[in-house]
Every structure is written in structure tokens, then in C-alpha cells.
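Protein chains: 2
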Amino acid sequence: MEREPTLRLRVFDLNCWAIRYLSKRRQERVRLIGDTLRRDSFDLVLLQEVWSEQDYSDLMVKLASCYPFSHYFRSGVIGSGLCVFSRFPILDTLLYQYSLNGYPYMLQHGDWFCGKSVGLGSGSRARVGVGVPAPLLSLPLQLHAEYCREKDAYLPHRLVQAWELAQFIRHTSKAADVVLLGGDLNMHPEDVGIRLLRGWTGLRDAFAEAKHFEGCKNGCTLVPDNCFTEKSELLPFPLGIRIDYILYKAISSFTVKCEELKTTTGPAPGVDIPFSDHEAVMATLHIQRQPQAVGDTLGTAELVLADVVAEARTEVGVGLRAAQRQHYSSGRMAVLALLLLLLQAMAALGTLAGLGPDQPFPKLSFCLLAFLALGVLILSTGLHLFHTMEVKMLHGTEDQMWMALRVLQERP
Amino acid sequence: MEREPTLRLRVFDLNCWAIRYLSKRRQERVRLIGDTLRRDSFDLVLLQEVWSEQDYSDLMVKLASCYPFSHYFRSGVIGSGLCVFSRFPILDTLLYQYSLNGYPYMLQHGDWFCGKSVGLGSGSRARVGVGVPAPLLSLPLQLHAEYCREKDAYLPHRLVQAWELAQFIRHTSKAADVVLLGGDLNMHPEDVGIRLLRGWTGLRDAFAEAKHFEGCKNGCTLVPDNCFTEKSELLPFPLGIRIDYILYKAISSFTVKCEELKTTTGPAPGVDIPFSDHEAVMATLHIQRQPQAVGDTLGTAELVLADVVAEARTEVGVGLRAAQRQHYSSGRMAVLALLLLLLQAMAALGTLAGLGPDQPFPKLSFCLLAFLALGVLILSTGLHLFHTMEVKMLHGTEDQMWMALRVLQERP
């Protein structure tokens, strides 16, 4: 039997940490990333945290000759920070914004303002000689950051995101031949969110599957050796943590194998700084047509999958109850502020009508108190609306997971 | 050649106008809708504007025997108002919330708070004898309302929604055999948004395709004869308008034909009120397996499609420029308020340090002015952030449309 031709696909993934005014030596690093990408010719580059459109434009101009196709995904107040550069045409794009993404009042964490999303770029392999057109879905993405592992208040939000991401991939990938996902998932390899994502979509982890690996120990991408990382956050993990992934999956009559996986290890060659506070992940994939189509690999471990979905559903339930408590207390606060305002209005009217004692309070404090009550009313109403949405989305995800569990359990 | 068996699918679609405390005779109407649905056995029921979860629960209990499967889509502050009842199992659901949906400060229009979305329910036809499993995607949905046709400020938002909806359908429907979409699109049949949606997805309009039609003239679903409609809004349209649709499409080796389309005409039989301020749309579809698979019907009229996309892109561009102006003016307002606050702070500090004249203003007015400036600062910053998002999403949609135009024009 004649062997089918193989396509060798080199993928580059990096969380660039390019926040204007905040990230250290940003412009220098973006220039360095551009130079490296131009020199080492990858086929597909998935970048995250390119928050400034100017940085994207600069990269686009610099990389136009080797990566003629690119796309920047716009969303949220600041943007999604996601972009793709490709040697092959990008035929279509779609952006899915997660329904939950942290709290607007946690200004120091800022996730809410980013409009974290998954971008979908759909390209065609028709021109690169795999034999037939093999649409490729590539998804750069970033999930909600983890700020404190011991008391991770954002776990339910991250699980909702992981679930929505998995559902998005399941529903959009049906006509693709190969799905490629690269990004900063902000989850350790054994976390429930990663297990959920991999189990529910059938995606494979390039690090676990790679024939050859070269780079930081255990494939870590946030390492204490990197001069930009917060050393204190990594104290419990002396080797670092692995939170950036390249995941892939062949859908129809194709097979994908990870030939090689590399991570950068600190400073780029010839300079004193690394690309970012994260290490880059680079994978070489071999895509080959199979003589016979094989079914979806999902279904081999459905019992394990049901356990993972149940575990995730429990965590989402914990988040739901916390959200319901906050929903209730912000509502109560709004009602109290409203009552105070009404009381003041009545007292003022009473004084005006000459019914009560003259000027029970000094005018200034009375006025200040009214403004304070008004401020509390506005803020707590806003919070109440926000938590209403949060409760709805967590509840909706719990429902969807329940439906998934039922389908998993009913299968013969 | 033996004829393949035909599946007869009866679909019911209605905008229920069931807003708690606001909609007239809501509970009576919801009860009426439930009774009718129980009596006339449809296969699939797509409802919109069921804003109260209690109404959904009541319907679910009442309809459990004839529609054992149902789903309520949760989103936004108030909810999406969307739900599905089905005779056949619902295997999976996904909710896509449009990225733009009106303005939070237009309280009287309220669209922003609804989290308008398209729900996706994916079911299996395996048990109903079409021969093979034929996944069916059914999408209940609602787009942004049109409040003034002459000066329609929401047109760009509705176009972004129509585009996102079309993209969502294109990307999720690949593995389905039949796509069914029912809902209140808030667009007249000849509007650019409808042409865009139909052209870009290949969906067919059940009203235009139906062999037999029975109901309001021209298939109108918002008619002056209905006792709940605002007569003044329909003055330019003495027959009414058609804004509720059932659209469908066969994807792979199936054909769908619309055998019959009906709309309700005013009061339900035996009572004095209609179901809602909208008329219900009921379609009978015949789904049949084709001996040979046919290609996607898209591509027959690509020149026309390119014109429609270009027209929509122009309108989105108009919206983008308006959003940029609002973005700029809210930013300027915030800066002015900040300057005023700073000036006041300097004056107060100066007085305290004994540098300036004593008490240039009475304390109370000084204090009131400061609170006013603070209020303006908070509001205009909020607006500025909102318009930043709006600009990003309009810009992103313009980009996507440009990419679509390029692909359309490059095709041989």
C-alpha cells in the first residue's frame, strides 16, 4: 500500500504579556518576538495577551512576508489580546466570548475588562499537498487567571469557561479535519478543568504525546528562572508550572502525531531577556491522511468522563451557591440604602412642611449622608444585576452538565 | 426506485410577550398557550420572551406528557426568554450571546438587560424512522427590537447580531442534517439583515416556500387587528408586518420541503384574547432522505451575496463612526469632570492651607458641585468603557465581513 503524503506543521504558541504601560520592556520583547518568528519559519503562530493593537500592527508589518495571513480578535473593553499569524489562508473567523469572566469590581485582577474569548480561525490546507482540502480549525485562547491556588475564588468561572470552550469546540469542529488549540489555560495539567476539556472534546495534549521533548523540566511554561515571573507565587512549585498548552485532535480521516515539542528556556539567544513571563511552546505535528476513516475517539473512557463532568458540576454548584449569597446580600444592601434615602426624604419633607423639629441634623451632614446612601444604592444595584447574571450563567452551565451526564449514562 | 420514507415535522413558533408585571393578561395567555400546545400535538415548539422562569416551569409541568424534552436558555440579567419543547430528545444545548445588544442606559428599551441570544438545541431523529440518525439543529432566537423604522439607531447592532447569528449557524451546522431556526428577527423580509442571514447561511424562508398558506395576509405576525399591538406603531403598515420567521435548511443528504404554513389570526378559539401581541407561526415540514448527497446550495448567487455583505458592511461602518463619536464625547466629558474635581480639590486645599481667600463658596454648594462632578465622572467613564466595547465589536464585525467579501470575490 502506498503511503499517503505527510504534512509537517510547525506551531508556535506564546502568552506575550504585552500590557501597555504595565509589562516590563514590552516594546523590546515584542520586537524580539517578531524577529524570532521571522527567522524561524513556523506555519502557525498563536499569540495571547497582545493587548495593544499597535503591537499587533507592528508585528503584522514585520511578518507580512513570511506569514501573509493574520487576524486580531477584538472584544471586551481592552480587547481579547488574541491574534493568529499563518502561512496559509485564513478563510473565516469567529469569536466566542465566555459568558463569565471574573468580577468588574476586582480592578486589580482586571480579567473582566479583557473580554476573554476563544478565537476560531478556519483555514484551508488545500494548497499544501495533503491531497485533499483539509480544513484546519486553530483556536488561540486564554482562560481566567488563577490568583491564589489555595483559595481560588475564580475556579467556578474558569470551569464555566472550560465547559463553554469544550462545547464550542464540539459544535464548531464537526466539519474540520484537524483541530488545533493553543493558549494559556491557566490550569495545571491535572486540574478538573483540563480533564473536562480534554475528556469532553477528545483533544490530546502535545506535551504528553510528543516523541521528543526539549525545554523546561515537565514542560513548565511559568518557571522561577524567568526574570519576569513573580518568584513568591511560584514558591510551592520550585520547578514551575505548566499552564500553556498545545492541544490537537484529528476529526475525520486524518491522523495527527506530535513529533516534537519544545519550550523556550529563559533568555532568547543573543539577548538578556526572555520573550515574556511565560515560556513559548513550539510543536511539530505530522498530519497524515488515513486510508480508512475512523470514528471519534470519544467513547473509550466514558465512565471516567462522567466522573470528571460530575466533579466539575459539583464545583460549579459551589460557585453557584456563593453567587446566590452575594446576589442576596447585594440586593439586601440596595434595599437598605433605598430605605435610608426614603427616610431622609420623609424627614426633609417633614421639616419643610413644619411638622417635625427644625433642622434635626446640620445641613451638610444630612446632604453627605444622602449622597452616601445614593452611592451605596447605585453600587449595590449594579452588583445585584451582575450577580443575577452570574447566577443565571452558573445555573445554565450546571443544567448543561447535567444533560451531558444523562446522555453519557444513557449510552449503551 | 423505492421512495425513501418521509418525516413530517410540525413546528410551532411564538413570541409569547410574557414580561412579568408589564405584559397584559400574561398568566391567562401562558395558560392558553400551554392548553393549545397540549391539544395540538406539534413536534417542536420554539418560544421567545418567556421572561419568567416560573412561566417556563408551569409550561414544562403542563406539557410533560406530550413534550417530554425541554430546555430553558439562561442569560443576561433578565434572561434570554428562549425555550424549546420537543417530542424528541434534546441531546445538547449551547447558548451564543450576541456581543452587542443595545445600550444599558436606554432603560425604556431594555434590550441590553435581556442578554439576547440564540440557543442551539441539538436533537436526534434516530427514533422516528427517517432511516438513519439525522441530527437536527433547532435554534430559537430573538434579535434587537426596532423601535423607530425611520431613524433606526439600533440597525448596526441588529446587523452585528444577524452576522454573528449567520456565522454561528455556518460554524455549528456542519454536522447536522437539518437546521431549523424560529424566532422574532425584528426585521422585515426585505431588510438587509434578513438578506444577509439568508444569503450567508443558505436558509430558506418557510413562508416563501410553503405549498399552502393560511393566516394573516402576507404572513404578517404583528397585525393591527391584534388587541395587544400598539396601533400607532403600525400606522404605516395597514396590513401589519412580518417579523417572525421559521427558516430551514437541509445540509447533507436530506431535503426539506415546507408543506404548509399557518399563522394565528387574532383571538384563540373559544376565548376573547390572542396568545400574544405577535401571531404564532406554524409550519409543517417534510424531511426526506435523498439517494444522492447534494452540495451546499450556497454559491448559486454569490454575486448577489457579495452585494448584500457589502451593503451590510456599509451600515455597520455607519454605526462604527457613530460609536466612535460617542466614545470620544464620553471620554471628553470624563476628562472635564475630572478637571473640575481636581480644581475643587486644589481650591479646598488652598483654603485649608490659608493661601486663598476664606470660603469662596458656601460649603453646601461646594459639596454639591463636587458630588455632581463625581457623578458625571463615574457615569461618563462607564459610558466610555461601554462605547470602547461597542467600537471594538463593530470594528471586528466590519473586519469579518471584509474577509467574507474577499473570499466571495476570490472564488472562481
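Each protein sequence line maps, in turn, to chains A and B. Take 1 as the starting number for the first sequence in the numbering used here and just add one per residue. Take 1001 as the starting number for the second sequence in the numbering used here and just add one per residue. Using N, Cα and C, we set each Cβ at its ideal position, and we do this for glycine too.
Proximity of residue i and residue j at Cβ, strictly below 7 Å
i, j, result
"Tyr245(A)", "Leu185(A)", "yes"
"Ser252(A)", "Asp307(A)", "no"
"Cys66(A)", "Arg29(A)", "no"
"Gly1240(B)", "Leu1222(B)", "yes"
"Val50(A)", "Phe85(A)", "no"
"Arg1010(B)", "Asp1043(B)", "yes"
"Ile90(A)", "Phe73(A)", "no"
"Leu1196(B)", "Leu1247(B)", "no"
"Glu1214(B)", "Lys1262(B)", "yes"
"Gln48(A)", "Gly183(A)", "yes"
"Thr93(A)", "Gln1400(B)", "yes"
"Thr1201(B)", "Ile1169(B)", "yes"
"Ile1287(B)", "Val1318(B)", "no"
"Asp277(A)", "Phe228(A)", "yes"
"Cys1216(B)", "Thr1172(B)", "no"
"Ala1337(B)", "Leu1377(B)", "yes"
"Val179(A)", "Lys231(A)", "no"
"His1384(B)", "Ser1329(B)", "no"
"Pro274(A)", "Asn218(A)", "no"
"Ala1208(B)", "Ala1283(B)", "no"
Per DSSP, cross-strand counterpart(s) of residue i
i, result
"Ala337(A)", "Looking at the DSSP assignment, Ala337(A) forms no beta bridge with any residue, so it has no partner."
"Val45(A)", "Phe12(A), Phe85(A)"
"Tyr67(A)", "None; Tyr67(A) has no bridge partner."
"Ile241(A)", "Leu222(A)"
"Met282(A)", "Phe12(A), Lys262(A)"
"Ile194(A)", "Partner(s): none; Ile194(A) has no beta bridge."
"Thr6(A)", "Gln288(A)"
"Val50(A)", "Ala18(A)"
Residue i at chain A interface by Cβ criterion, 7 Å
i, result
"Arg1074(B)", "yes"
"Gln1400(B)", "yes"
"Gln1167(B)", "yes"
"Val1407(B)", "yes"
"Thr1172(B)", "yes"
"Arg1125(B)", "Because Arg1125(B) carries a pLDDT of 42, less than 50, the predicted location of this residue cannot be relied on, and no value is offered for it."
"Ala1134(B)", "Legend: pLDDT at Ala1134(B) = 42, less than 50; position of this residue unreliable, no value from coordinates given."
"Lys1392(B)", "yes"
"Leu1094(B)", "yes"
"Phe1371(B)", "yes"
Endpoints, beta strand (DSSP E) assigned at residue i
i, result
"Ile90(A)", "90 to 97"
"Ala1353(B)", "It is not in any beta strand (DSSP E) - Ala1353(B) carries neither H nor E in the DSSP assignment."
"Leu1247(B)", "1244 to 1250"
"Thr1263(B)", "1254 to 1263"
"Val179(A)", "178 to 184"
"His1212(B)", "1212 to 1214"
Residue interval of the alpha helix (DSSP H) (run including residue i)
i, result
"Gln409(A)", "363 to 410"
"Tyr56(A)", "53 to 63"
"Phe1275(B)", "Run containing Phe1275(B): none; DSSP gives neither H nor E here."
"Ala162(A)", "155 to 172"
"Gln1027(B)", "1026 to 1039"
"Ile78(A)", "Looking at the DSSP string, Ile78(A) is not in any alpha helix (DSSP H), and its letter there is neither H nor E."
"Ala467(A)", "Because chain A here runs from 1 to 412, residue 467(A) falls outside it and cannot be looked at."
Residue-level contact to chain B via CB, residue i, 7 Å cutoff
i, result
"Gly396(A)", "yes"
"Leu343(A)", "no"
"Thr201(A)", "no"
"Lys363(A)", "yes"
"Leu91(A)", "yes"
"Leu298(A)", "Its pLDDT being 45, under 50, Leu298(A) is placed unreliably in this model, and the value from its coordinates should be taken loosely. Answer no: the Cβ-Cβ gap between Leu298(A) and chain B never drops below 7 Å."
Whole-number beta carbon distance between residue j and residue i, since they are thought to touch under 8 Å
i, j, result
"Leu1159(B)", "Glu1315(B)", "5 Å"
"Leu1285(B)", "Glu1259(B)", "7 Å"
"Trp1017(B)", "Thr1397(B)", "No, Trp1017(B) and Thr1397(B) are not in contact; Cβ-Cβ is about 29 Å, not under 8 Å."
"Val309(A)", "Leu405(A)", "5 Å"
"Asp1035(B)", "Ala1280(B)", "Asp1035(B) to Ala1280(B), Cβ: 13 Å. No contact."
"Arg1020(B)", "Ser1052(B)", "5 Å"
"Leu1371(B)", "Phe371(A)", "Here the sequence assigns Phe to residue 1371(B), which means Leu is not the residue at that position. Sure, about 5 Å apart at Cβ, within 8 Å."
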